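Numbered per my numbering, the sequence shown spans residues 6 to 215. Just so it is clear, CB atoms sit at the ideal spot from N, CA and C, and this is done for glycine as well. If you're wondering where the values come from, they're calculated on a predicted model, not measured in any experiment. Notes follow once the structure below has been shown.
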Amino acid sequence: MTSSANQGLPTQADFERFFMEAVAITFNIQCLEGVLKPLSEGDGEYLQPMLGDVVLLQNAEHLPARVDLCRQVIHGISILKPLATELFLKALIASHQPPPKIHDLAKLYGELDANEQSRLDGLVRKHFQLAEDPQHPHVQLPSFGSVMRSHKDDFVGVRYGETVSEYLTRTQDGMSNITAAIGALREACLTHAAAAGWMKSPPQSLGSKF
């Protein structure tokens, strides 16, 4: 575990704050994905769904007018997913030390101890299996750490002008891996000792999925 340069002691409130912020972001992601699905249906020749998360835009000059809206929605999702990942990671870090004020997902992952990293590795493989592509059932699954390294600069890159094509080229996996990572992180937070007390009676706003 990398020692944090931040001063002060972590509190239960820090864990809860980061966790609830991450949950709020995931709700926004679900809303945007709900908007994207009907926009992209019926145009398989031009809009190729990638594991239900990214729409690869091709032959843009021939696409219907709503392609611009698709781009905007995808842009929003590609910013919010690394932000949710960052906040879930900071919640876990906050259970034992103040998290650093950075966006780099790989460095945040490095702040976790070996046991937590190993636990996340097992959880992310579980979430990969839940979303397994039936056409490629034996694809080697990446570790949680490798996903964080691949997507470490997602928030900054997309926020400051990276295009969908550049994002896909840089990450090599679209959003499928970071989606599994978010699922693993959310489960890790929900079952963390820091959540044991207040999550016995979670707020109604958490919804049935939580």
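Query	Result
Buried/exposed call for E171, threshold 16 Cβ in 10 Å	exposed
Buried or exposed by the 16-neighbour rule on C-beta atoms within 10 Å, applied to L73	One detail in the question is off: residue 73 reads as Asp in this sequence, not Leu. Under this definition D73 is an exposed residue.
As assigned by DSSP and simplified to three states, the class of D178	coil
N-terminal and C-terminal residue of the alpha helix (DSSP H) that G162 is part of	D159 to R164
Span of the alpha helix (DSSP H) around K112	L110 to G115
Spatial neighbours of K86 in its chain, beta-carbon cut-off 8 angstroms, leaving aside the 5 residues before and after	I34, D159, M180, I183, T184 and I187
Option nearest N120 by Cα separation, candidates M153, I98 and F32	I98
Given V161 as reference, the closest of R175, L195, T196 and F32 once Cα atoms are compared	R175
N- and C-terminal bounds of the alpha helix (DSSP H) containing S155	F149 to S155
Three-state secondary structure assigned by DSSP to H80	helix
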